[in-house]
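Each protein sequence line maps, in turn, to chains A, B, C and D. Going letter by letter, the first sequence gives residues 1 to 412 in UniProt numbering. Going letter by letter, the second sequence gives residues 1 to 412 in UniProt numbering. Going letter by letter, the third sequence gives residues 1 to 412 in UniProt numbering. Going letter by letter, the fourth sequence gives residues 1 to 412 in UniProt numbering.
Protein chains: 4
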Amino acid sequence: MSQQKGTVVLAYSGGLDTSCILVWLKEQGYDVIAYMANIGQDEDFGEARKKALALGAKKVFIEDMRKEFVEGFIWPAVQANAIYEDRYLLGTSLARPCIARHQVEIAKKEGAEYVSHGATGKGNDQIRFELTCYALHPKIKIIAPWRMPEFYNRFRGRSDLMEYAKKHGIPVPTTPKNPWSMDENLMHISYEGGILENPKNHAPSGLYVKTKDPTESPNTPDVLEIEFKKGVPIQVTNLKDGSSHHSSLELFLYLNEIAGKHGVGRIDIVENRYIGMKSRGIYETPAGTILYHAHLDIEAFTMDREVRKIKHSLALRFSEQVYNGFWYSPECEFVRSCIENSQKMVQGKVRVSVLKGQVYVLGREAPHSLYNEELVSMDVQGDYEPSDASGFIRINSLRLKEYHRLQSKVKE
Amino acid sequence: MSQQKGTVVLAYSGGLDTSCILVWLKEQGYDVIAYMANIGQDEDFGEARKKALALGAKKVFIEDMRKEFVEGFIWPAVQANAIYEDRYLLGTSLARPCIARHQVEIAKKEGAEYVSHGATGKGNDQIRFELTCYALHPKIKIIAPWRMPEFYNRFRGRSDLMEYAKKHGIPVPTTPKNPWSMDENLMHISYEGGILENPKNHAPSGLYVKTKDPTESPNTPDVLEIEFKKGVPIQVTNLKDGSSHHSSLELFLYLNEIAGKHGVGRIDIVENRYIGMKSRGIYETPAGTILYHAHLDIEAFTMDREVRKIKHSLALRFSEQVYNGFWYSPECEFVRSCIENSQKMVQGKVRVSVLKGQVYVLGREAPHSLYNEELVSMDVQGDYEPSDASGFIRINSLRLKEYHRLQSKVKE
Amino acid sequence: MSQQKGTVVLAYSGGLDTSCILVWLKEQGYDVIAYMANIGQDEDFGEARKKALALGAKKVFIEDMRKEFVEGFIWPAVQANAIYEDRYLLGTSLARPCIARHQVEIAKKEGAEYVSHGATGKGNDQIRFELTCYALHPKIKIIAPWRMPEFYNRFRGRSDLMEYAKKHGIPVPTTPKNPWSMDENLMHISYEGGILENPKNHAPSGLYVKTKDPTESPNTPDVLEIEFKKGVPIQVTNLKDGSSHHSSLELFLYLNEIAGKHGVGRIDIVENRYIGMKSRGIYETPAGTILYHAHLDIEAFTMDREVRKIKHSLALRFSEQVYNGFWYSPECEFVRSCIENSQKMVQGKVRVSVLKGQVYVLGREAPHSLYNEELVSMDVQGDYEPSDASGFIRINSLRLKEYHRLQSKVKE
Amino acid sequence: MSQQKGTVVLAYSGGLDTSCILVWLKEQGYDVIAYMANIGQDEDFGEARKKALALGAKKVFIEDMRKEFVEGFIWPAVQANAIYEDRYLLGTSLARPCIARHQVEIAKKEGAEYVSHGATGKGNDQIRFELTCYALHPKIKIIAPWRMPEFYNRFRGRSDLMEYAKKHGIPVPTTPKNPWSMDENLMHISYEGGILENPKNHAPSGLYVKTKDPTESPNTPDVLEIEFKKGVPIQVTNLKDGSSHHSSLELFLYLNEIAGKHGVGRIDIVENRYIGMKSRGIYETPAGTILYHAHLDIEAFTMDREVRKIKHSLALRFSEQVYNGFWYSPECEFVRSCIENSQKMVQGKVRVSVLKGQVYVLGREAPHSLYNEELVSMDVQGDYEPSDASGFIRINSLRLKEYHRLQSKVKE
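Take a look at the structure:
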């Protein structure tokens, strides 16, 4: 074993990769603190703690950050209608800064000079992790084994890891690995790699974990009433059984349950990584999909057209910042504060029907909306003078007439 | 009857409103040419011709512009992924300039000084009609009865129209009118007004015409392979039965059929009219919805990330221009040419599953894509040096570290 | 005289036009309250008051709103680096909402149902005035004589006004009118109309009022140090004589004096009016021009690159909103609050040299800037690892290489 | 000497740095081809050739690419009104891809596997060089000595280079180096580093090379008429002496001469490098500054308002792409083609007065402009109905009134 190099806080998942990394780091001469974020993934944290200690971790920190994840990261994304490249609801991207923030806090508290993670060298997650770390703790040093030749040349495939594991007493998985990799949290699961790397291949049936296959989901909808205040859901009521959910985490879990039951939130896309390559990802985001639709609706109902347009352009930037790993950046702070500012009056109730993979908005109401039923009515004139529209249209046509004049002259 | 005032080309629908307008215009002293655009709506054009002539139209023009509508208007919207306020696929907005263009052409050919339409004074359609007319024929005069006090004060409701119709031998509808108004074309049907004006009211079952209720649609999907070239669909194959459709109109009609059968394309939204009021609209856009998803996918697969981003910002403007009635404007011409330019390499095949109101992308392939399976692979290093990412991340963190430095100094 | 129609608050300038309007409004049966805003124009307000009363105004309100204009309108524009179509610093646009706000406040206080102004029917100012009035007092009725056929057909030219004036005892100007029209306030003077309508005509020498002809201005510069806090100037020191100015109005007047002395702030442009026509305007904005350059500089020095970019896009919208008359709109409120938010750390001192129509930035300093002299130094390595740049560049080249690969394949 | 490693094409400037690099590369075992781009800098190319050969270059290529630089790089920037962060006209940024393109062409032709340059590891130029190389020749390998520890640790300062030069027979400069570094081409000179790194320091008198000090420049202007076609200058006429210049290069050189004589084009800014740090740069861009103002003017005169706005947003992206080194990228190709498309009708003549560091636009004319003198006239009604503006304003006020209604309700 090499000499003592210092202490590293490792983002530990309990799986084969980070277990090998834990042992490898010790082998390199580091003291290792294992850090696990409970961000809603399906995991036996007690077992994982034992495993980490057995592998030689000096300490193990397991933190339940599900509530913080919902309120501090998912809610701002809901307010923004955040979506990357028109389709991806950013489930993984939102989790990373939440996880990494705690990791550097532990590093600070424990006086560790290093942090480490098991993200690959081609992906977005390495960037999201590390930019968060550098932004919050500029002096931190990062060990990314999958980018280090001495590591990746030694572990060229899963069999190398298995062999290493056996040699070092790391428990190896007994069930065969899926021919793809997945990442789970409260908001979503992503599937990529392996057989999914061929973008033509269909997702195998049985891949999806969080949502039911729509052909097998119920053929009667659940109808939910979702209440928003300041752009954030504060209550969800199932109109079928009258059940109601209020607190952020509980409400989000309930939406996951209903959406999952109806197969809502599956997408299969090719996206552009920050690093510049196209990748194919399959995602399921059950609750997030319902909230995306419901928030779009209440926002459209209560927000001025022009404010909405400007807010939309900010949300485009926000989505890209989050995807690229810049949650903790001056620009993302700025944009978040602007978006939050836009949500003051985004308040009211939206009713949605959830069925067979779809979310249908049925109606909406708000205590203070900009919708004026009398003004818009086809049957009532209201406070509106139709002849004003003639002037409006003619003034708008001035430019077009001038352009026509010019075009005619040019053609002559 | 007043004295001869000249000739007016009236956009005639065959319905009660424009029949009354036809007679009323004659009453005011105009010669009336009735013009009907076959834009894919469900209508007996032969009957309508007879009716118009019976009511005193000097001439009747009925033009089949379905192919032109698909190729000249819907295809550019597909290329753009055009969507207004994140949800509306612009079915009505795209039809208006197509219709109005022919109307002014008839006016020019027939030497008519006037055009007229039956659009209301609060809506978007009046603007879309008239801006097209002014842009293409600046000297045209427009008669918009629903904005003229002498007309709208006389016809304060449907009963006034019915009474007028009876008095002037205009055939009156025998079936009771739906308590909402609707507008149909090849691409979509919109429903608004009446009981839908209360944004809280759910759409009554039985409202939808083009799409089947998802609870009653088949529980087995149709799987389609849609082939694009230059961003435009050139072939649709149903993988279940092997049937294939090529020509623009035929292919579009087939997609309408499949999407309609599976209940695809329903939305219920509150939107912002150009005129500044919020309105509630319910739309069904069957084929358009499939194409929206399929084109998004093939574009993401074949277009560079940064080009995509810029093209997306142009498409936002395009959607707004189209919604507001500015199809024939210098800015829309400019944006269309830029978007078309972006589609040169958008070529390939997308497979989608259509089921219960949903369109699922299953996979895609392209002769020339920017997707590089080896480069992105988790298992192969390919032409990629992982350690480069370390430099990339550290350089990207420079700004964040400086910001942290500044924030720390300020807090001191 | 017609019967009593109610009370109108007239934006009165003291000149021939609004004097005629005052009398004409009385003739139409209105009680007229004359309202004059002291917004920094060169005017004898005492004389104007006498004149208005002599012409029959029921009351005269003269309000000094120079300080409010500077702090409430010019400062937000400085923070935004507001500029319309790359050149116009919005001097008139900013003054209108300030003036109109007080006008409707008087109308409310005095129970007047009407407001009136002398703006033409082709310009921007009518819109800026009226949108402000409608936004702040939706029930207000507006009398715009220059858009009323009974008025503009009666007064077809200046000679008609002169004749009317003579007939009704309105004092007529004794000096011949300039063959252009001008509008002045604290921030700028605009010149347009008359001989300037031919865009090829050069501005006649002698046109400019606020600034010295650069060929006649001093050939030695004044060097100023301008200190900003939260993006707003808080002190100006002349380094030549050591004189210093602090309060907003005083400081702004001093910058006007120095800039005027050196011929700073003249532009001659063709711009696009909101109403859709192109117009030619000549402007001089002395203090505003210095502040534009100085603020740009201190902002670039203290604001993060990406925040700056986003703020810049908001400022583009702000400039357009202000130009078009939407100061009091939900979108402008929103954008102003975002921009203000961006200015928290925009603090420091900029030195500028003012000479012969030019403003040269000489240097800048800030208590907390994002500029890191050591980091950027060519001679010191600082906390920077040059080899990181290799990774940064190679990762950035990935997309470019893929594109090259694709292009080569296509050409084959 | 180490063993033979292959051939490298070195961007050779003739100065101390790249001379040392040339020798050092040979020392490392490379064959070196020296490549000099004549891009308009002040240089004795014959002497430089001799020097390179004397130092051991296997071949020397000197290429005059001044015309290509003007037509292929500066003209697109003029069309775009390209400007980075509101102030920098991109003189260096535009030259880099032009230079690097030829460098990789030589590498291809000569079968060299490597290219090399003398750019520092903290700057933008390394990126602009290398992204061009990778984009046009993905397999190329780049040697950037200033990012290689074995080089930069050996040459820690100028004295190390001097010593190395003496030892290896490299001629050393006899005049003392300016305490800053500079980079020159046809379009501009940049000054940075050394004493300029303190952003508070004023530029020393005597720094500027291309432009005369405005206090010493003539006090009588030159008046130029600049004619544009498709957004590009095709003729410059001096109205004082009637002299006229047509061809791209000749015309550009003449504008440099006139602008330089009058001290036009100096700026002192802090900018944001792509690499994430703020740097201070002083630039002089004489001809470019005149063309920027003239093109802005003719464009505003001939281009529709909304097209201009969209084109402006594209130009912002273009400027950033160019600054960051992405000239040869799919996105920059796309944006250039869109911008070029927008310039079809940008045609006409602008008159400018050049005096004491300033460019004043005096007037403009165009064969086909969108400016309609009659329409905009204050004295003629033209084809304009003033009362239309009432409707236009009232419709525009609808949203504002609704917002006021909402705000009032909330406050209750």
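The beta-carbon is built from N, C-alpha and C at its ideal position, and this holds for glycine as well. Quick caveat, the model's predicted, so the values are computed rather than measured.
For residue i, count neighbouring C-beta atoms within 10 Å of its own C-beta (all shown protein chains included) and say buried if the count is 16 or more, exposed if not.
i, result
"proline 367/B", "exposed"
"alanine 54/D", "exposed"
"alanine 11/C", "buried"
"glutamate 150/A", "exposed"
"glutamine 4/A", "exposed"
"arginine 317/D", "buried"
"threonine 18/A", "buried"
"aspartate 44/B", "exposed"
"aspartate 213/A", "exposed"
Mind checking whether residue i and residue j have CB atoms under 8 angstroms apart?
i, j, result
"histidine 293/A", "valine 359/A", "yes"
"leucine 90/B", "alanine 82/B", "yes"
"serine 397/B", "alanine 135/A", "yes"
"phenylalanine 334/D", "valine 307/B", "yes"
"valine 346/A", "arginine 364/A", "no"
"isoleucine 258/B", "valine 354/B", "yes"
"glutamate 373/A", "glutamate 197/B", "yes"
"aspartate 297/D", "leucine 370/D", "no"
"histidine 312/D", "phenylalanine 228/D", "no"
Residues in its own chain within less than 8 angstroms of residue i by CB, not counting five upstream and five downstream?
i, result
"glutamate 110/C", "Thr7, Val9, Ile33 and Lys59"
"asparagine 201/C", "Ile195"
"tyrosine 328/C", "Pro97, Arg101, Leu131, Thr132, Ala135 and Leu136"
"threonine 289/B", "Leu89, Ala259, Val264, Gly265 and Val359"
What residues in its chain sit with their C-beta under 7 angstroms from that of residue i, if we drop five residues either side in the sequence?
i, result
"methionine 1/D", "Its pLDDT being 46, under 50, methionine 1/D is placed unreliably by the model, and the measurement read from it follows with that caveat. Excluding residues within five positions, the ones whose Cβ falls inside 7 angstroms are Glu27 and Gly29."
"residue 452/A", "With chain A represented from 1 up to 412, any question about residue 452/A goes unanswered, as that position is not in the structure."
"phenylalanine 326/A", "Leu131 and Cys332"
"arginine 147/B", "Gly121"
"leucine 94/B", "Phe73, Ile74, Ala77, Met187 and Val322"
Can you list, in chain order, the residues of its chain whose CB lies under 6 angstroms from that of residue i, leaving out five sequence neighbours each side?
i, result
"lysine 210/D", "Ile189, Gly260, Glu284 and Pro286"
"phenylalanine 155/A", "Leu161"
"asparagine 324/B", "Tyr274"
Could you name the residues of chain F that residue i contacts, counting a contact when the two beta carbons are closer than 8 angstroms?
i, result
"histidine 202/D", "Looking for chain F here will not work: the only protein chains present are A, B, C and D."
Note down, one range per segment and in chain order, each beta strand (DSSP E) of at least 3 residues found wholly within the stretch 197 to 267 of chain B.
The qualifying runs are 222 to 229 and 232 to 238.
Taking a cut of 8 angstroms between CB atoms, which residues from the stretch 37 to 51 of chain D lie near chain A?
Listed by position along the chain: nothing, the set is empty.
Residues of the stretch 317 to 349 of chain A with a CB closer than 9 angstroms to any CB of chain C: list them in chain order, please.
Correct list: Arg317, Gln321, Phe326, Ser329, Pro330, Glu331, Cys332, Glu333, Phe334, Val335, Ser337, Cys338, Asn341 and Ser342.
Under 7 angstroms (Cβ pairs) to chain B, residues found in the stretch 276 to 290 of chain D:
Listed by position along the chain: Gly276 and Met277.
Closer than 9 angstroms, Cβ to any Cβ of chain C: which residues of the stretch 376 to 398 of chain A, in chain order?
For the stretch 376 to 398 of chain A, which is checked against every Cβ of chain C, the residues closer than 9 angstroms are Asp383, Ile395, Asn396, Ser397 and Leu398.
List, from N- to C-terminal side, the alpha helix (DSSP H) runs of 4 residues or more that fit wholly inside the stretch 259 to 322 of chain D.
The stretch 259 to 322 of chain D contains these whole alpha helix (DSSP H) runs: 286 to 302.
Contained beta strand (DSSP E) runs [length at least 3] in the stretch 21 to 51 of chain D, N- to C-terminal order:
Those beta strand (DSSP E) runs which fall completely within the stretch 21 to 51 of chain D and span 3+ residues are 30 to 38.
What beta strand (DSSP E) runs, 3 residues minimum, are completely inside the stretch 371 to 410 of chain D?
DSSP runs (the beta strand (DSSP E)) wholly in the stretch 371 to 410 of chain D: none.
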